[in-house]
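Novice:
Number of protein chains: 2
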Amino acid sequence: MNADLSTGADDDEVTLGRIETEVAMLMRLGEATRRRTGAEHRVLDRAAYVILRHLADAGQQNVSALAARLNLDGSTVTRQVSAMQRDGLIVREPDPRDGRGMVVSPTPAGLQRMAAVQAARTRLYGDILAGWAPEDRDTLADMLHRLNEALEHRPHR
Amino acid sequence: MNADLSTGADDDEVTLGRIETEVAMLMRLGEATRRRTGAEHRVLDRAAYVILRHLADAGQQNVSALAARLNLDGSTVTRQVSAMQRDGLIVREPDPRDGRGMVVSPTPAGLQRMAAVQAARTRLYGDILAGWAPEDRDTLADMLHRLNEALEHRPHR
DNA sequence: CCCAGATAGCTGTATCTTACAGGTAATTAT
DNA sequence: ATAATTACCTGTAAGATACAGCTATCTGGG
Numbered sequence: 001m002n003a004d005l006s007t008g009a010d011d012d013e014v015t016l017g018r019i020e021t022e023v024a025m026l027m028r029l030g031e032a033t034r035r036r037t038g039a040e041h042r043v044l045d046r047a048a049y050v051i052l053r054h055l056a057d058a059g060q061q062n063v064s065a066l067a068a069r070l071n072l073d074g075s076t077v078t079r080q081v082s083a084m085q086r087d088g089l090i091v092r093e094p095d096p097r098d099g100r101g102m103v104v105s106p107t108p109a110g111l112q113r114m115a116a117v118q119a120a121r122t123r124l125y126g127d128i129l130a131g132w133a134p135e136d137r138d139t140l141a142d143m144l145h146r147l148n149e150a151l152e153h154r155p156h157r
Numbered sequence: 001m002n003a004d005l006s007t008g009a010d011d012d013e014v015t016l017g018r019i020e021t022e023v024a025m026l027m028r029l030g031e032a033t034r035r036r037t038g039a040e041h042r043v044l045d046r047a048a049y050v051i052l053r054h055l056a057d058a059g060q061q062n063v064s065a066l067a068a069r070l071n072l073d074g075s076t077v078t079r080q081v082s083a084m085q086r087d088g089l090i091v092r093e094p095d096p097r098d099g100r101g102m103v104v105s106p107t108p109a110g111l112q113r114m115a116a117v118q119a120a121r122t123r124l125y126g127d128i129l130a131g132w133a134p135e136d137r138d139t140l141a142d143m144l145h146r147l148n149e150a151l152e153h154r155p156h157r
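Protein chains in written order, with the UniProt record's numbering: chain R, 1 to 157; chain B, 1 to 157.
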């Protein structure tokens, strides 16, 4: 427990605390940025963007697979996908191999909107990281990637 | 614009894309982790935790200052603070120097709950980053910190 | 072949978080 | 002194999500 004395015994504890703090802060800032960011970004809400990116990456798939991948309840994805279909971003067709399932595929319009949002976001990060050295940007990207991997493989419970 | 040819001209563009992707992913994972994480973490909801941390760090302050710091609407913070007062985590008193304002201070119970959540989270990160070398953890903490600073000072609009 | 259990998706409902609009009281500037 | 601003609160609405319950379909053992 008490790891705050000047022994320096627990640098690691300190570092973990810093990481905890910074991740919490990043969540807040990210949310705030998303909320008050230009229309360019909001033509797709957060969920739609991630779904489209996943469909573009991994190809058409059914609602359950999406839900599992995104860590969301199936019902949530059902509704998101319905909205996206209404907006012409995806199409939903019966799965020929499983009468219960529906296969979700991106439409050209969906892919195009996704690319536009991606470009806008990339530009935004360009602004935010304007003063950074290329190798620092690289390090940041690496570290974030490794952190995400660690989170995905986190020991559950 | 078209930066995808094999010239390698725009490594930077690529790196920015990676950062964009990883931050988006981290948001998703972080939310999911928060949602399905043990009761230890949920004794304080997200907002209460951040507010208490800020009060502990920066001392008592009024609702507007908190809202500004957290990038939230004043009305949102009013409600969060009301809930926290109901739960005995903070107290709210009229500001002696400004009859309009209310000064929010943490209670001992609030600080203690905050510390417990912080400890649980730190432990969680210890698990998640179990295999990491100390210097990598350090680098991660640094990079996150710098990213947050950059986000805070981001060129608005 | 048939039925029991599992699975895919949908709908109803509830909760949580937040923003915006409007109101009142107090402060500041002209 | 009065107009403009600020601080806070309340009402209301929207968005995202989970959970429970439903139907249709699939799958495996008799």
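We put the CB at the ideal spot given by N, CA and C, even for glycine.
Which word fits residue 66/B, buried or exposed, when buried means at least 16 other C-beta atoms lie within 10 angstroms of its C-beta?
Specialist: Buried: at least 16 other Cβ atoms inside 10 Å.
Novice: Along the chain, which unbroken stretches of the alpha helix (DSSP H) at least 4 residues long are found entirely within the UniProt domain "HTH marR-type" (13-149) of chain R?
Specialist: Qualifying alpha helix (DSSP H) stretches, in chain order: 39-42, 46-58, 63-70, 74-86 and 108-128.
Novice: Would you report the Cα separation of residue 15/R and residue 102/R, rounded to the nearest angstrom?
Specialist: Computed Cα separation, rounded: 46 Å.
Novice: In this structure, how does DSSP classify residue 11/R when only helix, strand and coil are distinguished?
Specialist: Correct three-state label for residue 11/R: helix.
Novice: Verify the CB distance criterion: does residue 76/B have a CB-CB separation below 8 Å to chain R?
Specialist: No, its Cβ sits nowhere closer than 8 Å to a Cβ of chain R.
Novice: So which residues of chain B does residue 83/R contact, with C-beta pairs closer than 8 Å?
Specialist: Under the 8 Å cutoff, chain B gives no residues; its nearest Cβ is about 18 Å from residue 83/R.
Novice: Can residue 17/R and residue 122/B be called in contact, C-beta distance under 8 Å?
Specialist: Yes, the Cβ-Cβ distance between residue 17/R and residue 122/B is below 8 Å.
Novice: Should residue 110/R go down as buried or exposed, given a rule of 16 or more other Cβ atoms within 10 Å for buried?
Specialist: Looking at its Cβ environment, which holds 16 or more other Cβ atoms inside 10 Å, residue 110/R is buried.
Novice: Where does residue 152/R land, buried or exposed, given buried means 16+ other C-beta within 10 angstroms?
Specialist: Exposed, since its Cβ has fewer than 16 Cβ neighbours within 10 Å.
Novice: Report buried or exposed for residue 135/R, applying the criterion of at least 16 other Cβ atoms within 10 angstroms of its Cβ.
Specialist: Label assigned to residue 135/R: exposed.
Novice: Measuring alpha carbon to alpha carbon, tell me which residue in 46/R, 61/R and 29/R is nearest residue 96/R.
Specialist: It is 61/R whose Cα lies nearest to the Cα of residue 96/R.
Novice: My understanding is that residue 93/R touches residue 148/B, with C-beta atoms under 8 Å, so please give their C-beta distance in whole angstroms.
Specialist: Not a contact, Cβ separation roughly 43 Å.
Novice: Tell whether a beta-carbon distance below 8 Å holds between residue 19/R and residue 46/B.
Specialist: For residue 19/R and residue 46/B, no; Cβs fall outside 8 Å.
Novice: How many angstroms separate the CA atom of residue 49/R from the CA atom of residue 87/R?
Specialist: The straight-line gap from Cα to Cα measures roughly 13 Å.
Novice: Does the Cβ of residue 112/R have 16 or more other Cβ atoms within 10 Å, making it buried, or fewer, making it exposed?
Specialist: So residue 112/R ends up on the exposed side.
Novice: Does any residue of chain B have a CB that is nearer than 8 Å to the CB of residue 51/R?
Specialist: False, the Cβ-Cβ gap to chain B never drops below 8 Å.
Novice: Residue 10/R versus chain B: which residues are under 9 Å apart at the beta carbon?
Specialist: Those within 9 Å of residue 10/R in chain B number zero; the least Cβ separation is about 11 Å.
Novice: Determine the contact status of residue 154/B and residue 51/R, defining contact as a CB-CB distance below 8 Å.
Specialist: Against a cut-off of 8 Å, the Cβ pair of residue 51/R and residue 154/B comes out as no contact.
Novice: Could you pull out every residue in the same chain whose Cβ sits closer than 7 Å to the Cβ of residue 56/R, ignoring the five residues on either side in sequence?
Specialist: Closer than 7 Å at Cβ, skipping near neighbours: 106, 111 and 114.
Novice: Go ahead and label residue 28/R buried or exposed: buried means 16 or more other beta carbons lie within 10 angstroms of its beta carbon, across all protein chains shown.
Specialist: Buried, since its Cβ has 16 or more Cβ neighbours within 10 Å.
Novice: Roughly how many whole angstroms lie between the Cα atoms of residue 81/B and residue 12/B?
Specialist: Computed Cα separation, rounded: 43 Å.
Novice: Taking all protein chains shown into account, decide if residue 79/R is buried (16 or more other Cβ within 10 angstroms of its Cβ) or exposed.
Specialist: Classification of residue 79/R: exposed, given that the 10 Å Cβ count is below 16.
Novice: Are residue 32/B and residue 71/R touching if we call contact CB-CB under 8 Å?
Specialist: It is a contact, given that the beta carbons lie within the stated cut-off.
Novice: Hey, how far is the Cα of residue 8/B from the Cα of residue 119/R?
Specialist: Legend: pLDDT at residue 8/B = 46, less than 50; position of this residue unreliable, no value from coordinates given.
Novice: Give me the chain R residues within the contact set of residue 141/B, using Cβ-Cβ distance strictly less than 8 Å, ordered along the chain.
Specialist: Ordered by position in chain R, the residues that pass the 8 Å Cβ test against residue 141/B are 15, 18, 19 and 22.
Novice: From residue 125/B to residue 54/B, what does the alpha carbon distance come to, in whole angstroms?
Specialist: Roughly 21 Å between the two C-alpha positions.
Novice: Express the C-alpha separation of residue 64/R and residue 116/R in angstroms, rounding to a whole number.
Specialist: Residue 116/R and residue 64/R: Cα-Cα distance of roughly 27 Å.
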